[in-house]
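K.L.:
This is the structure I have questions about; it appears just below.
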Amino acid sequence: MKRTLLLVGLMILFLALNGCKQEVVGNASDVIEGEDDNQAALEKGSEESQVTSPKPTTEKGDCIDTDGGDDPYTAGKVYGRTADGEEFEVRDSCYNDFLLEYWCDEETGEYRNTNYRCSCEREDRTC
Numbered sequence: 000m001k002r003t004l005l006l007v008g009l010m011i012l013f014l015a016l017n018g019c020k021q022e023v024v025g026n027a028s029d030v031i032e033g034e035d036d037n038q039a040a041l042e043k044g045s046e047e048s049q050v051t052s053p054k055p056t057t058e059k060g061d062c063i064d065t066d067g068g069d070d071p072y073t074a075g076k077v078y079g080r081t082a083d084g085e086e087f088e089v090r091d092s093c094y095n096d097f098l099l100e101y102w103c104d105e106e107t108g109e110y111r112n113t114n115y116r117c118s119c120e121r122e123d124r125t126c
């Protein structure tokens with residue numbers, strides 16, 4: 000639990016310190032870009048932001064996402080084992096008007112997160 004809170008705190012700090020670049024995509028609201036390409040803009044015109052922060056690297060196949068990927072409408076968790084053998088588990092979480100949606104990168108075996116700006120339901124951990 001402490002590790003999860005620390006990881007989330009570091010991600011929020013990273014986002015606050017590094018600033019954001021805004022770009023309009025299709026019919027979606029403002030999109031904030033990070034290092035990686037943005038995922039498809041959310042339906043219903045809500046905002047999306049891609050966040051890339053330091054995360055442990057896993058061997059391919061050691062990262063499991065219970066909600067099937069980058070899905071802000073289904074709560075889930077991502078868990079597995081790093082290349083160094085350390086186990087990890089993070090859950091999709093709501094903070095103010097943001098959903099931190101965790102997912103596994105199939106190509107690299109790393110877990111990542113996308114921040115969605117939406118009316119996040121804390122109990123459901125979904126948009």
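Using numbering that gives the first Met the number 0, the first residue of the sequence shown is number 0, and each one after it goes up by one. Idealized CB from N, CA, C, for every residue including glycine. Bear in mind that the values here come from a model prediction, so they are computed numbers and not experimental data.
At the level of alpha carbons, what is the spacing between Asp-104 and Cys-119?
P.N.:
As a working mapping, residue 104 is identified with position 105 in the sequence shown. As a working mapping, residue 119 is identified with position 120 in the sequence shown. Looking at the two C-alpha atoms, the distance is approximately 23 Å.
K.L.:
Name the DSSP beta bridge partners of Gly-79, please?
P.N.:
By 1-based counting over the sequence shown, the position of residue 79 is 80. Beta-bridge pairing links Gly-79 to Cys-62, Phe-87.
K.L.:
What's the C-alpha gap between Gly-132 and Glu-122?
P.N.:
What is shown of the chain runs 0 to 126, which leaves residue 132 out entirely.
K.L.:
Going by DSSP in three states, Asn-95 sits in which element: helix, strand or coil?
P.N.:
Locating residue 95 in the sequence shown gives position 96, where the first residue counts as 1. Note: Asn-95 maps to coil in three-state DSSP.
K.L.:
Which class does Arg-121 belong to by DSSP, given the choice of helix, strand or coil?
P.N.:
If you number the sequence shown from 1, residue 121 lands on position 122. In the three-state reduction of the DSSP assignment, Arg-121 falls in the coil class, being assigned neither a helical nor a strand state.
K.L.:
In the DSSP assignment, the beta strand (DSSP E) including Thr-192 goes from what residue to what residue?
P.N.:
Residue 192 lies beyond the residue range present for the chain, which begins at 0 and ends at 126; the question has no answer from this structure.
K.L.:
For Tyr-72 versus Val-89, is the C-beta spacing smaller than 8 Å?
P.N.:
Working through the sequence shown from its first residue, we reach residue 72 at position 73. Working through the sequence shown from its first residue, we reach residue 89 at position 90. No, the pair does not count as a contact, with Cβ atoms beyond the cut-off.
K.L.:
Can you tell me which of Thr-113, Lys-76, Val-77 puts its alpha carbon nearest to the alpha carbon of Phe-97?
P.N.:
As a first step, residue 97 is located in the sequence shown; it is residue number 98 there, counting from the start. It is Thr-113.
K.L.:
Just to confirm my understanding: we take Gly-75, look at its own chain, exclude 5 residues before and 5 after, and list those with CB closer than 7 Å. What are they?
P.N.:
Sequence index remark: in the sequence shown, residue 75 carries index 76 (1-based). Excluding sequence neighbours, Gly-75 sits near Asp-64, Thr-65, Asp-66, Asp-91.
K.L.:
Could you tell me the distance, in whole angstroms, from the CA atom of Lys-126 to the CA atom of Tyr-94?
P.N.:
The sequence position of residue 126 within the sequence shown is 127, counting from 1. The sequence position of residue 94 within the sequence shown is 95, counting from 1. Checking the displayed sequence, the identity of residue 126 turns out to be Cys instead of Lys. The straight-line gap from Cα to Cα measures roughly 12 Å.
K.L.:
Which same chain residues, not among the five before or five after Tyr-78, have their C-beta less than 6 Å away from its C-beta?
P.N.:
Here residue 78 refers to the residue found at position 79 when the sequence shown is read from its first residue. So the list reads Ile-63, Glu-88, once near-sequence residues are dropped.
K.L.:
If you draw a straight line from the alpha carbon of Thr-107 to that of Leu-99, how long is it in whole angstroms?
P.N.:
Your numbering for residue 107 matches position 108 in the sequence shown. Your numbering for residue 99 matches position 100 in the sequence shown. In this structure, the CA atom of Thr-107 is about 20 Å from the CA atom of Leu-99.
K.L.:
Out of Asp-70, Tyr-110, Tyr-115, Asp-69, which one is the CA nearest neighbour of Arg-80?
P.N.:
Counting from one through the sequence shown, the residue named residue 80 turns up at place 81. The shortest Cα separation from Arg-80 among Asp-70, Tyr-110, Tyr-115, Asp-69 belongs to Tyr-110.
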